[in-house]
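Undergrad: With the working numbering applied, the sequence shown covers 384 to 650.
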Amino acid sequence: MFSRAGVAGLSAWTLQPQWIQVRNMATLKDITRRLKSIKNIQKITKSMKMVAAAKYARAERELKPARIYGLGSLDTAEAGESLERGRVFLCVQQFFLICELLLFPYQQMKSEVATLTAAGKEVMLVGIGDKIRGILYRTHSDQFLVAFKEVGRKPPTFGDAQERFRNQKEKPIFSLNTIASAESMSIYDDIDADVLQNYQEYNLANIIYYSLKESSTSEQSARMTAMDNASKNASEMIDKLTLTFNRTRQAVITKELIEIISGAAAL
384 MFSRAGVAGL SAWTLQPQWI QVRNMATLKD ITRRLKSIKN IQKITKSMKM
434 VAAAKYARAE RELKPARIYG LGSLDTAEAG ESLERGRVFL CVQQFFLICE
484 LLLFPYQQMK SEVATLTAAG KEVMLVGIGD KIRGILYRTH SDQFLVAFKE
534 VGRKPPTFGD AQERFRNQKE KPIFSLNTIA SAESMSIYDD IDADVLQNYQ
584 EYNLANIIYY SLKESSTSEQ SARMTAMDNA SKNASEMIDK LTLTFNRTRQ
634 AVITKELIEI ISGAAAL
């Protein structure tokens with residue numbers, strides 16, 4: 384009877400450390416698996432940051448000449464007189480809406496559309512991109528004039544400048560009368576109507592092209608910042624998991640040593 388009880392007690396004592404050891408090893412395995420996954424993600428985010436940095440450098444380089452023409456076109460008709468009857472908003476999405484900052488201008492635009500509509504002015508929307516159409520069409524379907532797709536996959540060219548664009552700040556569209564009454568146009572004695580019409584279209588295209596370049600640059604800048612933040616967060620997670628892994632491993636080793644010493648003392 385005593386021998387059976389002694390065997391049963393010995394079996395229970397020998398099995399208990401094995402249960403604890405298996406559970407801790409599974410925990411170490413989970414931590415190792417998660418560490419490997421986060422390290423792989425960090426490699427991807429670092430690569431995406433490098434790609435975005437290269438695209439941002441190119442976009443910023445292409446923005447400089449576009450800014451000269453765009454600001455020049457804005458200054459040309461800055462002092463002209465305009466009779467505002469309504470507004471057309473050209474809503475251009477970035478190819479990837481990866482952060483809340485890029486959505487903020489669209490929220491501002493929706494608020495301004497509501498204000499103008501309440502004031503009795505005609506407001507029309509032109510959407511460029513599937514995502515921005517999905518964002519605005521649900522609430523402004525009766526004000527949508529047209530929508531375009533497949534925009535943003537390649538850097539914008541001057542031929543893409545067709546309508547008004549709104550990004551971080553408003554880029555105004557000037558009518559033919561506004562261009563004709565501009566102070567900078569008064570230095571010319573006589574201007575034909577056809578020449579003025581062509582210049583008005585070219586002036587508008589310059590503003591739109593400048594705005595598209597600004598959009599492309601802001602997208603790559605936001606992408607680069609997002610990937611940099613993701614890489615930093617991954618580094619912090621790796622440090623915390625490494626510390627947890629070392630502590631868990633040390634606890635397992637310490638417990639096993641205690642059990643070995645206790646077993647040796649019992650014998």
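For each residue, glycine too, the CB sits at the ideal point set by N, CA and C.
As the structure is a computational prediction, the values presented were derived from the model and not from experiment.
1. Can you look up Leu-650 in the DSSP assignment and give me helix, strand or coil?
2. Just to confirm, is the Cβ distance from Leu-624 to Ile-414 under 8 Å?
3. Using the Cα positions of Ala-647 and Leu-640, report the straight-line distance between them to the nearest angstrom.
4. Bridge partners for Glu-445 per DSSP, in chain order?
5. Have a look at Lys-419 and Ala-435 and give me their C-alpha separation to the nearest angstrom.
6. Since Leu-508 contacts Leu-499 with CB under 8 Å, what's their CB separation in whole angstroms?
7. Tell me whether the region 439-447 and the region 610-624 touch, counting them as touching only if at least three CB pairs, one residue from each stretch, are closer than 8 Å.
8. Tell me, please, whether the region 604-617 touches the region 444-461 by the rule of three or more beta-carbon pairs shorter than 8 Å.
9. Give the secondary structure of Arg-406 by DSSP, where H, G and I count as helix, E and B as strand, and everything else as coil.
10. Do you know whose CA, among Glu-597, Val-635 and Thr-631, lies nearest Pro-448's CA?
11. Expressed to the nearest angstrom, what Euclidean distance is found between the alpha-carbon atoms of Tyr-593 and Tyr-585?
12. Please report the straight-line C-alpha distance between Met-610 and Gln-580, rounded to a whole angstrom.
13. Compare the C-alpha of Lys-432 against each of Thr-608, Asn-589 and Arg-521 and name the closest.
14. Quick one: using the 10 Å Cβ neighbour count with 16 as the cut-off for buried, is Glu-505 buried or exposed?
15. Between the alpha carbons of Ala-588 and Val-578, how many angstroms are there, rounded?
TA: In short, the structure shows the following:
1. Reading the sequence shown from its first residue, position 267 is the one you call residue 650. Three-state DSSP puts Leu-650 in coil, outside helix and strand.
2. Taking the first residue of the sequence shown as 1, we reach residue 624 at position 241. Taking the first residue of the sequence shown as 1, we reach residue 414 at position 31. Yes, the Cβ-Cβ distance between Leu-624 and Ile-414 is below 8 Å.
3. The residue you call residue 647 lines up with position 264 of the sequence shown. The residue you call residue 640 lines up with position 257 of the sequence shown. Looking at the two C-alpha atoms, the distance is approximately 11 Å.
4. The residue labelled residue 445 in the question sits at position 62 within the sequence shown. Answer is none; Glu-445 lacks a bridge partner.
5. As a working mapping, residue 419 is identified with position 36 in the sequence shown. As a working mapping, residue 435 is identified with position 52 in the sequence shown. Each residue's alpha carbon lies about 25 Å from the other.
6. If you number the sequence shown from 1, residue 508 lands on position 125. If you number the sequence shown from 1, residue 499 lands on position 116. Rounded, the Cβ-Cβ distance is 11 Å, inconsistent with contact.
7. no
8. no
9. Translated into the one-based positions of the sequence shown, residue 406 becomes position 23. For Arg-406, the predicted structure reports a pLDDT of 48, less than 50, and the residue's modelled location is therefore unreliable. The matter cannot be settled from this model.
10. Translated into the one-based positions of the sequence shown, residue 448 becomes position 65. Pro-448 has its Cα closest to that of Glu-597, out of Glu-597, Val-635 and Thr-631.
11. Here residue 593 corresponds to residue number 210 of the sequence shown, with the count starting at 1. Here residue 585 corresponds to residue number 202 of the sequence shown, with the count starting at 1. Whole-angstrom Cα-Cα distance: 12 Å.
12. As a first step, residue 610 is located in the sequence shown; it is residue number 227 there, counting from the start. As a first step, residue 580 is located in the sequence shown; it is residue number 197 there, counting from the start. One C-alpha to the other measures close to 45 Å.
13. Counting from one through the sequence shown, the residue named residue 432 turns up at place 49. It is Thr-608.
14. Position 122 of the sequence shown, counted from the start, is the residue given in the question as residue 505. Classification of Glu-505: exposed, given that the 10 Å Cβ count is below 16.
15. Translated into positions along the sequence shown, residue 588 becomes position 205. Translated into positions along the sequence shown, residue 578 becomes position 195. Ala-588 and Val-578: Cα-Cα distance of roughly 15 Å.
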